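J.: So that we are looking at the same thing, I have put the structure below in structure tokens.
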Amino acid sequence: MQHYQSLKEHYKFTEEEAQILKALQPRMEKLADDFIDEFYNYIWGFGKTAQFLKNKEIIAYHRTKIKAWFINLFCGQYDLPYFMYLYKIGEVHVKIGLPTHYVNSAFTFVRTFVLKSIEENFGNKEQHVKEIQAVEKIIDMNLDVLTSSYREEELSKFLSLSKIEKSILTGLKKFNSYINYFLAGALALVAFFAVVLFGYDIYLLFFSDIGIEKGILTVLGSLLVLWAAIELIHEEINHLQGKGFAIGAFIMLAMAALIRKVLIYSLSAEKGEELLIIAAVIVGLAIAYWLVGAKKRTTID
């Protein structure tokens, strides 16, 4: 944290703003108990908070530390010891495996709580604006320092790798990027052929003796496949933007293709046995889709 001065310079944090925060401390100290109660109500909504706050002793210790951090947020003296104190908090978060998502979300609550108090004590407009700017900066700097521990942990893991391991890891990442681009192109090709299939089924409906009932069901099946292909492309776009890839989209496409067959075979009395087999496969896919969705919901919670 020897570069804490440059951190303050990057955020254009001034001594005047430090004194503004110091002036806010008595008011915030009076609100500290309310802050802790509301903060805990907020973080318990994460779902997995109990994994990190396992018993009453840990909770009591954590409440004391969070309250002290909140009051210290308005200490007015933001020097090396202050930023080292924040960095150590970040190291503890890394050590216990606390996701950065929880840290970022918790800071949203802190920001909202403090700004609400400032709004409720509105007096002079100019001073009001200065208070908001000072609060925004100190909260952002706190978040910056806390999350820097995570970045340095990832960097240390990478630096600990041998030269061969680094080369393999870099090569695999590049190869993975190429595969993703290939997959995106393949999905676009699938969507194109799904459009062609839909157009061909429309043609058969009007210009062949396929029968209007079977023709309509065939068109609906093709439309279902096209919709599933579009959903798959949407998921791949999300994946290329850094989000997780939804395997459920592939399952959905397979179900759409099988449902199309069911729609076509349902008009044929000779396809009864095949329909039963396809129906069993669809049920299996539906269960798999439900399990994937349930796991995703559990992960989010």
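So the sequence shown is residues 3 to 303, counted in my numbering.
Note that CB positions come from ideal geometry on N, CA and C, so glycine has one too.
Quick caveat: nothing in here was measured; it's all calculated off a predicted structure.
#1: Would you report the Cα separation of I166 and T172, rounded to the nearest angstrom?
#2: For I91 versus A34, is the C-beta distance shorter than 7 angstroms?
#3: State the Cα-Cα distance for the pair H95 and Y202, rounded to the nearest angstrom.
#4: Can the beta-carbon of G223 be found less than 7 angstroms from the beta-carbon of L265?
#5: Using 8 angstroms as the threshold, is the stretch 35-48 in touch with the stretch 111-123, meaning 3 or more CB pairs across them?
#6: Measure the Cβ-Cβ separation of A20 and Y80 and say whether it is below 7 angstroms.
#7: Within a Cβ cutoff of 6 angstroms, which residues of the same chain sit near F160, ignoring the five residues on either side of it in sequence?
#8: Report the CB separation of L225 from I253 in whole angstroms; it is logged as a contact under 8 angstroms.
#9: Of all the options V116, V147, G78 and V192, which has the alpha carbon lying nearest to the alpha carbon of E93?
#10: What's the C-alpha gap between K97 and Y104?
#11: Please classify F220: is it buried, with 16 or more other beta-carbons within 10 angstroms of its beta-carbon, or exposed?
#12: Pull up the CB-CB distance for A136 and L23, whole angstroms please, since I reckon it's below 8 angstroms.
#13: Could you tell me which of I120, Q27, F85 and Y84 sits nearest to F76, measuring between CA atoms?
#14: Among I170, A290, I232 and F37, whose alpha-carbon lies nearest the alpha-carbon of V116?
#15: Who are the Cβ neighbours of A290 in its own chain at under 8 angstroms, not counting the five residues just before and after it?
#16: Applying the criterion that 16 or more other CB atoms from any shown protein chain within 10 Å of the CB defines a buried residue, is A258 buried or exposed?
#17: From G217 to I239, what distance separates their C-alpha atoms?
T.: In short, the structure shows the following:
#1: 10 angstroms
#2: Against a cut-off of 7 angstroms, the Cβ pair of A34 and I91 comes out as no contact.
#3: 58 angstroms
#4: yes
#5: yes
#6: yes
#7: Per-residue confidence for F160 stands at a pLDDT of 47, beneath the threshold of 50, marking its modelled position as unreliable; no derived number is given.
#8: In fact, because the Cβ distance is near 19 angstroms, the residues do not count as touching under 8 angstroms.
#9: V147
#10: Distance between the alpha carbons of K97 and Y104: 15 angstroms.
#11: In the sequence as presented, Phe is not what sits at residue 220; that position holds Thr. Label assigned to T220: buried.
#12: 5 angstroms
#13: Q27
#14: F37
#15: For A290, where only same-chain residues beyond five positions count, the Cβ hits under 8 angstroms are I253.
#16: buried
#17: 33 angstroms
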